[in-house]
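So in UniProt numbering, spot 117 of the sequence shown is number 117, and the numbers just go up one at a time. All residues carry an ideal CB built from backbone N, CA and C; glycine is no exception. Keep in mind it's a predicted model, so treat the numbers as computed, not measured. What follows is a set of notes on a single structure, which appears directly below.
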Amino acid sequence: MAHGIPSQGKVTITVDEYSSNPTQAFTHYNINQSRFQPPHVHMVDPIPYDTPKPAGHTRFVCISDTHSRTDGIQMPYGDILLHTGDFTELGLPSEVKKFNDWLELRINTTCLSGLLCRLISK
């Protein structure tokens, strides 16, 4: 957990005191900040799924680690869908097909994910 601090054209890297002990870091930030959040990261709350997109803006919809559980997801309208992490539970071809079928319902969305797009294009 490091961040740069500009100093006369150079960047000084400050290492978080808990970086050598991830368990201690999680415990410290979890207790002291109600949810894990390093001091230099600012959390944002997601907007409601039915919020209209302002004109002239590009909306990124970011999801991750759906693990074959896409049925209950209420997706907002977005220009670009960014899926990171696992989209299957076991990596079975039937899970990939189910995810592909789910993506087809979002035909107006551009999908960004190297592994995902390679698997679906095969």
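Exercise for the section: Figure out for me which residue from PRO93, GLY85, ALA55 and ALA25 has the closest Cα to the Cα of TYR77. Expected result: Here residue 77 corresponds to residue number 77 of the sequence shown, with the count starting at 1. For the residues PRO93, GLY85, ALA55 and ALA25, the minimum Cα distance to TYR77 belongs to ALA55.
Handout entry: Sequence-distant residues of its chain with Cβ nearer than 8 Å to GLY85 (five each side left out)
Key = In the sequence shown, the residue the question calls residue 85 occupies position 85. SER64, ASP65 and THR66.
Problem - Which listed residue (ALA25, PRO22, VAL44 and SER68) has its alpha carbon closest to that of LEU92 - result: Position 92 of the sequence shown, counted from the start, is the residue given in the question as residue 92. Closest by alpha carbon: SER68.
Practice task
Determine the extent of the alpha helix (DSSP H) in which PHE99 is found, giving its start and end residues.
Solution key: Residue numbering aside, residue 99 sits at position 99 when the sequence shown is read from its first letter. Its alpha helix (DSSP H) spans residues 93-104.
Practice task
Provide the residue(s) that pair with THR84 in DSSP beta bridges, ordered along the chain.
Solution key: To locate residue 84, count along the sequence shown from 1; it is residue 84. Paired residues: SER64.
Handout entry: Per-residue DSSP class, three states only, for HIS57
Key = The residue labelled residue 57 in the question sits at position 57 within the sequence shown. Note: HIS57 maps to coil in three-state DSSP.
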